[in-house]
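*Asks:*
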Amino acid sequence: MKFTKQDLLTLLISLFLFASCKNPDGVGLDVDPSTAITGTLVVSDVTTQIVKEPAVGTAGLVRYPLGYMIDPVFGKTESNLAMTLFPPSSFTQDFGTSPVLDSAILVLQLDDAAIQTKFYGDTTNSKYSIDVYQLTNKISDYTSSTVQPHNTALLGNFNGKIAPNTKNKVYDIVVGKADTLLTNPAQIRIPLNRTIIQNSIVNLPATNFTTNAKFSDIFKGLYAEVNKTSSTGVGGVAFIKFTGTDSYLQLVYKKTSTTTSGVDTVSVKFPLGALASSTTSSAISGIAANIKHDYTGTPVATQIATPSASYQVTYLQGLAGVKTKISFPQLVNFVSTYGKSVINRAELVVDAGTPISTYPFLSSQRLSLYRWDIAEQPADISDYTIFSGGTVTDAAFGGYFDSIKNRYVFIVTNYVQTLVDKKITDYGTFIAPTAYNLYQKTPSATTAERAIIGAGTATANKIKLNIYYTKIN
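Residue numbers (mature numbering (1 follows the signal peptide of the UniProt record, and there is no 0)): -19 to -1, 1 to 454.
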């Protein structure tokens, strides 16, 4: 068989393309010999111990959890929302003459910052029943453990599946013109009792809508919680976006026209939460989450009760659930054992444990690694500070889930060097879940993900610290 130059060129290009087609999870795993890690390898022990997270403040979150799920390993998790309702931003709301409410729809938009931040749990089989009530007091305490007082009269209910990746199509009502079909991001739309809303909002004089304070003194807000009796399946947690415009109470009503002898149909939106801006940042105010964990009868409860015992795995859970404290006992005597050394590279390798996490409760897509300072306040690992503040992103620090090797890896070279040199004291180092697009070193209320990882005493999938060092003569 004869090959022309064109045939040979085609073959070479094909081989190049074939060699380039790899699973994206494996990109970057091959090492260039010229940049290979040098030095002697020491695999250092890591000890682990579960720690139950304290309650967390929920003011100004980038997204808010609403849901209920039953995890066979982590037990029951529940998150309910208290929401302050504000008048339209113009503060000139006037329902006009003889207003009659046609519909009142509570619209909760799912977060759309990333596909990983919209929802955690089951969207295939579970059905969700969400009840809505009126708050009896204005929100004053935003701690996740605080139950917000609300009345017992049911104001509205949603019952069905939640589709976080399906856009909603609704008609926008325009006075005097044809309605416009709009396509919105995924929403949970909950019809509310028209009579109650007519009496508590629509019938109010226009003077009550001139400031946020005036209106919230009269209408304290709304409370949404999952009805655990009516819901089916293992459940999940939706994350709701509040920016002052995305989630709202939409009222459609009829009133006597001011331009004709007929009747106008009008739509108005009352935003949930208000965007409070400062010179340095902006955050949503007026929304609070009440988060509950019930670990009864789970292996997590066993470890919380007896944290110092030896286990094969340890646990991490978002929504201010549990984290794992780690320590490096062999670093204390590293110099006396191996001599004065330069740490060329240090990797904290966190293997996933068993049982392997599967749908709908998949392994957390990202973990955070941080330490305590002398006052036992959370502080960044020095390597995270170096990576996030330099020309590379904090992704180089690591902590993202590798679905091929079923593990997480953190680069902790500088941190290990400072511990070996005794420039800092390890008052506590912690691993915890963090949101995929938001690195946090405090208990997270913006992700419901969880992870099962190998413990320091595990016989398989053991957490370990790989240290490549060069001894200094």
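Every residue gets a Cβ at the ideal spot worked out from N, C-alpha and C, and that includes glycine.
Under the rule that 16 or more other beta-carbon atoms within 10 Å means buried, what is Asn184, buried or exposed?
*Replies:* Mapped onto the sequence shown, residue 184 falls at position 203. Exposed.
*Asks:* So who's on the other strand from Thr287, going by DSSP bridges?
*Replies:* For the purposes of this step, residue 287 is taken as residue 306 along the sequence shown, with counting starting at 1. Thr287 pairs with nothing; no bridge assigned.
*Asks:* Looking only at its chain, what residues have a beta carbon closer than 7 Å to the beta carbon of Asn118, apart from the 5 residues adjacent to it on each side?
*Replies:* Residue 118 sits at position 137 when you count from the first residue of the sequence shown. Pro130 and Lys201.
*Asks:* On the criterion of 16 or more Cβ atoms from any shown chain inside 10 Å, does Asp275 qualify as buried, or is it exposed?
*Replies:* Taking the first residue of the sequence shown as 1, we reach residue 275 at position 294. It counts as exposed.
*Asks:* Alpha carbon to alpha carbon, how far is Thr394 from Thr451? Give it in angstroms, no decimals.
*Replies:* Sequence index remark: in the sequence shown, residue 451 carries index 470 (1-based). Sequence index remark: in the sequence shown, residue 394 carries index 413 (1-based). For Thr451 and Thr394, the distance between alpha carbons rounds to 13 Å.
*Asks:* Near Ala441, which residues of its chain fall below 6 Å by C-beta distance, leaving aside the five closest residues on each side in sequence?
*Replies:* Reading the sequence shown from its first residue, position 460 is the one you call residue 441. Cβ neighbours of Ala441 beyond the five flanking positions: none.
*Asks:* Leaving out the 5 sequence neighbours to the left and right, which residues in its chain are closer than 7 Å to Asp364 when beta-carbon positions are compared?
*Replies:* As a first step, residue 364 must be located in the sequence shown, where it is residue number 383. Correct list, in chain order: Phe378, Ile392, Val393, Thr394, Asn395 and Tyr396.
*Asks:* Starting from the Cα of Ala286, find the closest Cα among Phe315, Val24, Val32 and Ile221 and give me that residue.
*Replies:* As a first step, residue 286 is located in the sequence shown; it is residue number 305 there, counting from the start. The shortest C-alpha separation from Ala286 is found at Val32.
*Asks:* From which residue to which residue does the alpha helix (DSSP H) around Thr394 run?
*Replies:* In the sequence shown, counting from the first residue as 1, residue 394 sits at position 413. Note, Thr394: alpha helix (DSSP H), Thr394 to Val401.
*Asks:* Compare the C-alpha of Ala257 against each of Ser289, Thr246, Ala270 and Thr224 and name the closest.
*Replies:* In the sequence shown, the residue the question calls residue 257 occupies position 276. Here the closest residue by C-alpha is Thr224.
*Asks:* Ends of the alpha helix (DSSP H) at Thr195?
*Replies:* Indexing the sequence shown from 1 puts residue 195 at position 214. A small correction: the amino acid at residue 195 is Lys; Thr does not occupy that position in the sequence shown. First-last of the alpha helix (DSSP H) with Lys195: Asn193 to Ile199.
*Asks:* Roughly how many angstroms separate the alpha carbons of Ala134 and Ser197, rounded to a whole number?
*Replies:* The count along the sequence shown starts at 1 and reaches residue 134 at position 153. The count along the sequence shown starts at 1 and reaches residue 197 at position 216. If I take the Cα positions, the gap works out to 19 Å.
*Asks:* From Asp11 to Leu329, what does the alpha carbon distance come to, in whole angstroms?
*Replies:* Position 30 of the sequence shown, counting from 1, holds the residue named residue 11. Position 348 of the sequence shown, counting from 1, holds the residue named residue 329. Annotation note: pLDDT 47 at Asp11 (below 50); position unreliable, no value reported.
*Asks:* I'd like to check one pair, Thr237 with Gly77: are the Cβ atoms closer than 8 Å?
*Replies:* Numbered from 1 along the sequence shown, position 96 holds the residue referred to as residue 77. Numbered from 1 along the sequence shown, position 256 holds the residue referred to as residue 237. It is a contact, given that the beta carbons lie within the stated cut-off.
*Asks:* Just the Cα atoms here: how many angstroms apart are Val37 and Leu47?
*Replies:* As a working mapping, residue 37 is identified with position 56 in the sequence shown. As a working mapping, residue 47 is identified with position 66 in the sequence shown. Each residue's alpha carbon lies about 16 Å from the other.
*Asks:* Any idea what DSSP makes of Tyr340, helix, strand or coil?
*Replies:* For the purposes of this step, residue 340 is identified with residue 359 of the sequence shown, where counting begins at 1. In this structure, Tyr340 counts as coil in the three-state DSSP scheme.
*Asks:* Please confirm whether Val54 and Val218 have their CB atoms less than 8 Å apart.
*Replies:* Taking the first residue of the sequence shown as 1, we reach residue 54 at position 73. Taking the first residue of the sequence shown as 1, we reach residue 218 at position 237. Cβ atoms of Val54 and Val218: not closer than 8 Å.
*Asks:* Identify, in the order they occur along the chain, each residue of the same chain with its Cβ nearer than 6 Å to the Cβ of Thr192, setting aside the five sequence neighbours on each side.
*Replies:* Taking the sequence shown and counting its residues from 1, the one referred to as residue 192 is at position 211. Closer than 6 Å at the Cβ level, and outside the excluded window around Thr192, lies no residue.
*Asks:* Can you have a look at Ser289 and say buried or exposed, based on whether 16 or more other CB atoms are within 10 angstroms of its CB?
*Replies:* Your numbering for residue 289 matches position 308 in the sequence shown. Looking at its Cβ environment, which holds fewer than 16 other Cβ atoms inside 10 Å, Ser289 is exposed.
*Asks:* What is the DSSP secondary structure of Thr277, reduced to helix, strand or coil?
*Replies:* Taking the first residue of the sequence shown as 1, we reach residue 277 at position 296. Three-state DSSP puts Thr277 in coil, outside helix and strand.
*Asks:* Under 8 Å: do the stretch 57 to 68 and the stretch 239 to 259 share three or more Cβ pairs, one atom per stretch?
*Replies:* The stretch 57 to 68 is in contact with the stretch 239 to 259.
*Asks:* According to DSSP, is Pro310 helix, strand or coil?
*Replies:* Numbered from 1 along the sequence shown, position 329 holds the residue referred to as residue 310. In this structure, Pro310 counts as helix in the three-state DSSP scheme.
*Asks:* So Ile221 is in the beta strand (DSSP E); what residue range does that whole segment cover?
*Replies:* If you number the sequence shown from 1, residue 221 lands on position 240. Counting along the chain, the beta strand (DSSP E) containing Ile221 begins and ends at Gly216 to Ile221.
*Asks:* Who does Pro414 pair with in a DSSP beta bridge?
*Replies:* Locating residue 414 in the sequence shown gives position 433, where the first residue counts as 1. DSSP lists Leu348 as partners of Pro414.
*Asks:* If you draw a straight line from the alpha carbon of Lys3 to that of Ile385, how long is it in whole angstroms?
*Replies:* As a working mapping, residue 3 is identified with position 22 in the sequence shown. As a working mapping, residue 385 is identified with position 404 in the sequence shown. Per-residue confidence for Lys3 stands at a pLDDT of 40, beneath the threshold of 50, marking its modelled position as unreliable; the derived number appears in the next sentence. So the alpha carbons of these two residues sit roughly 12 Å apart.
*Asks:* Classify Phe315 as helix, strand or coil using the three-state DSSP reduction.
*Replies:* As a working note, residue 315 is residue 334 in the sequence shown. The answer is helix: DSSP assigns Phe315 an H, G or I state.
*Asks:* Just curious, the beta strand (DSSP E) that Ser110 is in, first and last residue?
*Replies:* Numbered from its first residue, the sequence shown carries residue 110 at position 129. Note, Ser110: beta strand (DSSP E), Tyr109 to Gln115.
*Asks:* Since Ser344 and Tyr420 should fall inside the 8 Å C-beta cutoff, what is the C-beta to C-beta distance between them, to a whole number of angstroms?
*Replies:* Numbered from its first residue, the sequence shown carries residue 344 at position 363. Numbered from its first residue, the sequence shown carries residue 420 at position 439. Ser344 to Tyr420, Cβ: 17 Å. No contact.
*Asks:* Identify every run of the beta strand (DSSP E) within the stretch 106 to 185, keeping only runs that are complete inside it and at least 3 residues long; order them along the chain.
*Replies:* Counting only runs of 3 or more, we get 109 to 115, 137 to 141, 149 to 153, 161 to 165 and 168 to 172.
*Asks:* In angstroms, rounded to a whole number, what distance separates the CA positions of Phe309 and Thr28?
*Replies:* Residue numbering aside, residue 309 sits at position 328 when the sequence shown is read from its first letter. Residue numbering aside, residue 28 sits at position 47 when the sequence shown is read from its first letter. Answer to the nearest angstrom: the Cα atoms are 7 Å apart.
*Asks:* Would you mind working out which of Phe190, Ser212, Ser242 and Gln293 sits nearest Val249, comparing C-alpha positions?
*Replies:* As a first step, residue 249 must be located in the sequence shown, where it is residue number 268. Out of Phe190, Ser212, Ser242 and Gln293, Phe190 has the C-alpha closest to the C-alpha of Val249.
*Asks:* Would you identify the three-state DSSP class for Ile96, choosing helix, strand or coil?
*Replies:* In the sequence shown, residue 96 corresponds to position 115, counting from 1. Helix.
*Asks:* So is Val294 buried or exposed if we call it buried at 16+ other beta carbons inside 10 Å?
*Replies:* Stepping through the sequence shown from its first residue, residue 294 is reached at position 313. Flag for Val294 reads buried.
*Asks:* So within the stretch 51 to 100, which uninterrupted alpha helix (DSSP H) runs reach at least 4 residues, ignoring any that extend past its ends?
*Replies:* List check, alpha helix (DSSP H) in window: nothing returned.
*Asks:* Would the beta-carbon of Arg431 fall within 8 Å of that of Gly302?
*Replies:* Your numbering for residue 431 matches position 450 in the sequence shown. Your numbering for residue 302 matches position 321 in the sequence shown. Against a cut-off of 8 Å, the Cβ pair of Gly302 and Arg431 comes out as a contact.
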